[in-house]
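2 protein chains.
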Amino acid sequence: MNFTKQQLHAFTKNVFIKCSMNECDAELAATVLLSADMRGIDSHGVARLSGYVRLFENNRANANPSFKIIHETPSTATLDADKGLGLISAPFAMNIAIEKAKNVGTGWVAIKNSNHFGVAAYHAMQALQHNMIGIAMTNASPLVAPTFSKERMLGTNPICFVFPAEKHQPIVVDMATSAASNGKLEIAQRAEKNIPTSWLQDENGIDSTDAEELKKGGALLPLGGYKGYGLSSIVDLLSGVLSGANYGPWVPPFVSFLNPLNNLPGEGIGHFVGAMRIDAFRPSSEFKKNIDNWIDAFKNANPIDEKQKVLIPGELEFLETERRMKEGIVLNEKVVADLKILADKFEIEF
Amino acid sequence: MNFTKQQLHAFTKNVFIKCSMNECDAELAATVLLSADMRGIDSHGVARLSGYVRLFENNRANANPSFKIIHETPSTATLDADKGLGLISAPFAMNIAIEKAKNVGTGWVAIKNSNHFGVAAYHAMQALQHNMIGIAMTNASPLVAPTFSKERMLGTNPICFVFPAEKHQPIVVDMATSAASNGKLEIAQRAEKNIPTSWLQDENGIDSTDAEELKKGGALLPLGGYKGYGLSSIVDLLSGVLSGANYGPWVPPFVSFLNPLNNLPGEGIGHFVGAMRIDAFRPSSEFKKNIDNWIDAFKNANPIDEKQKVLIPGELEFLETERRMKEGIVLNEKVVADLKILADKFEIEF
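Chains as they are written, first to last, in this note's numbering: chain A, 1 to 350; chain B, 1001 to 1350.
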């Protein structure tokens, strides 16, 4: 089933309004979700809309949060997101970071008491129009086992850095710190295909190529082994511990049918965003010319196979955005069925 | 051959003084090198001393640099290291970052025109005594092929984040962004052992388990595939492009028998360091108590094998430091022979 961005945006916004979000927040939340669909990150777009609705219904998320800056210096802030969606708390925090960067060179905001923030790239990319490097990361509920552990202690904890270019598209590194995301696993599950080793271990901690093992007590593996565990820890410590959110095994699950643990050490889930003004380090035009040069050098690196040139981080997503702008967004049946249920429930046209 | 830290420190300092470094810089450079040996990172300690000497001899490094801050905001600076060793420019930059963090919450310094900075953890750990999170990274000469490339375009580009704890040792994540460091490869070469797949490709871009392939035109592989390529790119862009240093394939080699390329786009190699005051985000005692709690939770995660508990990032290096403090530092024959040559050349006792 093929949809235009506009169709899905309007529908998504209406659903959020029906969930008692105000028009402005609903518009923003829809924009963030659709940015994932447009970039080809289907797992983080409208496919999650019903999940957000269930968070509201189960009182796990607050549709009308009052964001509060609870701590501040000229280059930092800590935001209490009042159980609001990360889809709106992260852009709010990113704006604070950008304002601080305008004043003192860089700005950094830790966010607690938040919820799933969608695709990290949307937030980090807000910095680009201000000639800044953008950074966004979040912790997430535990699916990943640290090295030597049977137990899931870390989320897929994505990290994103974006760098503006002059003539080229910006460089956008946006990656889970696990070997594979849950989304990739779901694709393998649907296709009933084996997965590569190093993605997953079973409940005994043995490497497995069976994508179903995650549901049977297994765990995702950190990217490249113990280094990925370290990387994921950085994201968890900045997003969770520094902000005052939950961390490690205590990060509340996104799915509303799983309850958070008792005796939580923090509030909600945590994010960490930052903005660095390029011209706080060197003239912006110099920097961007060199970014272009970097991109040209990497694109022209001697390829292993002439038919597959080296890709710049984020390049595929820009191509996909262009394609979907022309050809629309194809949603799979299950997602369409999910959205139809929402349409019926809220009496919205779909 | 077993040495005390003091013996090796005194010798190393004397060598640097004989290379015309002033006493204060020589003391610092020796301290940084010895910190690697004490942490068990043998590849980055006195084993590299003769390499630094050759950089001086070939006029690739400046023993008496004048560091200049060439750009500055309240939270940022860019440092021209005047071809000095990273062993002293990085601590200098880290001090600036710490002072800026005292004033405005965080401090970030990009360094260009520098040289090999030794072990990243030393620099980042300077933040700990100020109750700050410390960050250090550097680019390095190209040994790593980005995904789909035959060509080496990136260094092993390490990244380090350190977080202070209360009752526990701090969390120290210090990792190359390649699957394996060159040091690990050298160990396999000496032992004439096969290496795991995913460490290395041969000159045609085919995965290889032969550690010798790197010398025959092969390349190291990024950590966990294309994500490691993204990660390594972040380090290169912050350290190289943001500072005005060289980047990607142009980063000058550490070994002095290889010449830098012509028409370099920047100056020397680049580093990027940062410091974030904990209490710019939340009260420091709260943060550290939660770090302790994080550490306790991870140490007590259900292990795959009862005999191997989950390790905290940096834990092994603290244990190794304690051990070497008691038992001394064992250097291999080749390193000892190397140091003896330096002792003869400079007429220093060894």
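Positions of the beta carbon are idealized from the N, C-alpha and C atoms, including for glycine.
For clarity, every value in this text was computed on a predicted model and none was experimentally measured.
What residues from chain B crowd round Glu351 of chain A, counting only those whose CB sits closer than 8 Å?
-> Only positions 1 to 350 of chain A appear in the structure, and residue 351 of chain A is not among them; the question remains open.
Say whether chain B places a C-beta atom closer than 9 Å to the C-beta of Gln308 of chain A.
-> Looking up residue 308 of chain A in the first sequence gives position 308. Gln308 of chain A counts as touching chain B.
Near-chain A residues of the stretch 1102 to 1115 of chain B (beta-carbon distance less than 7 Å), N- to C-terminal order = Val1104, Gly1105, Thr1106, Trp1108 and Ala1110
Would you kindly report the start and end of the unbroken alpha helix (DSSP H) that includes Ile1278 of chain B?
-> For the purposes of this step, residue 1278 of chain B is taken as residue 278 along the second sequence, with counting starting at 1. It is not in any alpha helix (DSSP H) - Ile1278 of chain B carries neither H nor E in the DSSP assignment.
Val109 of chain A beta carbon less than 9 Å from that of Ala77 of chain A = Counting from one through the first sequence, the residue named residue 77 of chain A turns up at place 77. Counting from one through the first sequence, the residue named residue 109 of chain A turns up at place 109. The answer is yes: Cβ separation under 9 Å.
Neighbour-count burial assignment, Leu238 of chain A, 16 or more Cβ in a 10 Å radius = Mapped onto the first sequence, residue 238 of chain A falls at position 238. Counting Cβ neighbours within 10 Å, Leu238 of chain A comes out buried, since at least 16 surround it.
From the DSSP output, in three-state form, read off Asn1259 of chain B for me.
-> Residue 1259 of chain B sits at position 259 when you count from the first residue of the second sequence. Three-state DSSP puts Asn1259 of chain B in coil, outside helix and strand.
Ignore the nearest five residues each way along the sequence and tell me which others in Leu261 of chain A's own chain have a CB closer than 7 Å to its CB.
-> Position 261 of the first sequence, counting from 1, holds the residue named residue 261 of chain A. Excluding residues within five positions, the ones whose Cβ falls inside 7 Å are Trp250.
Pick from A:Gly228, A:Asp82, A:Ala136 and A:Gln129 that is closest to Ala179 of chain A, judged by C-alpha positions = The residue you call residue 179 of chain A lines up with position 179 of the first sequence. Residue A:Gly228 is the option with its Cα nearest to Ala179 of chain A.
Any idea what DSSP makes of Asn290 of chain A, helix, strand or coil?
-> Counting from 1 along the first sequence, the entry for residue 290 of chain A is found at position 290. Correct three-state label for Asn290 of chain A: helix.
Do you know offhand how far Leu1365 of chain B's Cα is from Asn1204 of chain B's?
-> Absent from the structure is residue 1365 of chain B, since the part of chain B shown begins at 1001 and ends at 1350.
Exposure label - Met38 of chain A; buried when at least 16 CB within 10 Å | Position 38 of the first sequence, counted from the first residue, corresponds to residue 38 of chain A. The residue in question, Met38 of chain A, is buried, as its Cβ has 16 or more Cβ neighbours within 10 Å.
Ile291 of chain A touches chain B at which residues, Cβ-Cβ below 8 Å?
-> Counting from 1 along the first sequence, the entry for residue 291 of chain A is found at position 291. The contacting residues are Leu1237 and Val1241.
Quick one: what's got a C-beta closer than 6 Å to Ala1343 of chain B's C-beta in the same chain, skipping five residues either side?
-> Here the question's residue 1343 of chain B lines up with position 343 in the second sequence. The answer, listed in chain order, is Phe1350.
Contact between the stretch 265 to 280 of chain A and the stretch 1328 to 1338 of chain B: three or more CB pairs below 8 Å?
-> no
Report yes or no: do three or more beta-carbon pairs, one from the stretch 1159 to 1169 of chain B and one from the stretch 1201 to 1219 of chain B, lie closer than 8 Å?
-> no
Given 8 Å, three or more beta-carbon pairs between the stretch 1217 to 1236 of chain B and the stretch 166 to 185 of chain A = yes
If Leu1311 of chain B sits next to Phe148 of chain A, beta carbons under 8 Å apart, how far is it from one beta carbon to the other, in whole angstroms?
-> Along the second sequence, read from residue 1 onward, the residue named residue 1311 of chain B stands at position 311. Along the first sequence, read from residue 1 onward, the residue named residue 148 of chain A stands at position 148. Contact holds; Cβ gap of about 7 Å.
Check each residue of the stretch 1067 to 1084 of chain B: if its Cβ is closer than 7 Å to any Cβ of chain A, include it; give the result in chain order.
-> His1071, Thr1073, Pro1074, Ser1075, Thr1076 and Thr1078
Measure the C-alpha to C-alpha separation of Asp1305 of chain B and Gly1218 of chain B and round it to an integer number of angstroms.
-> Within the second sequence, residue 1305 of chain B is the residue found at index 305, counting from 1. Within the second sequence, residue 1218 of chain B is the residue found at index 218, counting from 1. Their backbone Cα atoms lie some 36 Å apart in a straight line.
Contact set between Leu1223 of chain B and chain A, taken where Cβ atoms lie within less than 8 Å | Translated into the one-based positions of the second sequence, residue 1223 of chain B becomes position 223. Those within 8 Å of Leu1223 of chain B in chain A are Leu223, Gly224, Lys227 and Gly228.
Where does Thr1073 of chain B fall in DSSP's three states?
-> Within the second sequence, residue 1073 of chain B is the residue found at index 73, counting from 1. Strand, per DSSP.
Can you give me the start and stop residues for the alpha helix (DSSP H) that Val32 of chain A sits inside?
-> Along the first sequence, one-based indexing puts residue 32 of chain A at 32. Start and end: Glu23 to Arg39.
Bridge partners of Asn1002 of chain B, per DSSP?
-> The residue given as residue 1002 of chain B occupies position 2 in the second sequence. Beta-bridge pairing links Asn1002 of chain B to B:Val1330.
Excluding five sequence neighbours on each side, which residues of the same chain lie with their C-beta closer than 6 Å to the C-beta of Gly84 of chain A?
-> Taking the first sequence and counting its residues from 1, the one referred to as residue 84 of chain A is at position 84. Beyond the five residues adjoining it in sequence on each side, Gly84 of chain A comes within less than 6 Å, by CB distance, of Asn62 and Pro65 in the same chain, given in chain order.
Arg1190 of chain B versus Thr1321 of chain B - alpha carbon distance | Stepping through the second sequence from its first residue, residue 1190 of chain B is reached at position 190. Stepping through the second sequence from its first residue, residue 1321 of chain B is reached at position 321. When rounded, the distance between both Cα atoms is 25 Å.
In three-state terms, what does DSSP make of Gly248 of chain A?
-> Within the first sequence, numbered from 1, the residue matching residue 248 of chain A stands at position 248. Correct three-state label for Gly248 of chain A: helix.
Please compile the residues from chain A whose C-beta is within a distance smaller than 7 Å of the C-beta of Phe1254 of chain B.
-> Translated into the one-based positions of the second sequence, residue 1254 of chain B becomes position 254. Going along chain A, no residue has its Cβ under 7 Å from Phe1254 of chain B, so there is no contact; the nearest lies around 21 Å.
How close, in whole Å, do the beta carbons of Gly1248 of chain B and Leu1319 of chain B come, if the pair is a contact with beta carbons under 8 Å?
-> Numbered from 1 along the second sequence, position 248 holds the residue referred to as residue 1248 of chain B. Numbered from 1 along the second sequence, position 319 holds the residue referred to as residue 1319 of chain B. The Cβ separation is near 37 Å, so there is no contact.
Mind pulling the chain A residues with CB within less than 9 Å of Lys1150 of chain B?
-> Numbered from 1 along the second sequence, position 150 holds the residue referred to as residue 1150 of chain B. Ordered by position in chain A, the residues that pass the 9 Å Cβ test against Lys1150 of chain B are Ala301, Asn302, Pro303 and Ile304.
Tyr1122 of chain B CB to nearest chain A CB: under 9 Å?
-> The residue labelled residue 1122 of chain B in the question sits at position 122 within the second sequence. Cβ-Cβ to chain A under 9 Å: no for Tyr1122 of chain B.
Helix, strand or coil for Gly270 of chain A, going by three-state DSSP, please let me know.
-> Working through the first sequence from its first residue, we reach residue 270 of chain A at position 270. DSSP places Gly270 of chain A in strand when its eight states are reduced to three.
In terms of DSSP beta bridges, what is Gly1107 of chain B paired with?
-> Indexing the second sequence from 1 puts residue 1107 of chain B at position 107. B:Ala1275.
In chain B, which residues lie with their C-beta within 8 Å of the C-beta of Phe287 of chain A?
-> Locating residue 287 of chain A in the first sequence gives position 287, where the first residue counts as 1. Near Phe287 of chain A (Cβ distances below 8 Å), the residues of chain B are Val1241 and Leu1242.
Starting from Met360 of chain A and walking both ways along the beta strand (DSSP E), at which residues does that stretch end?
-> For chain A, the structure presents residues 1 to 350; residue 360 of chain A sits outside this window and is missing.
Tell me whether Lys1193 of chain B sits in a helix, a strand or coil according to DSSP, three-state version.
-> The sequence position of residue 1193 of chain B within the second sequence is 193, counting from 1. The answer is coil: DSSP assigns Lys1193 of chain B none of H, G, I, E or B.
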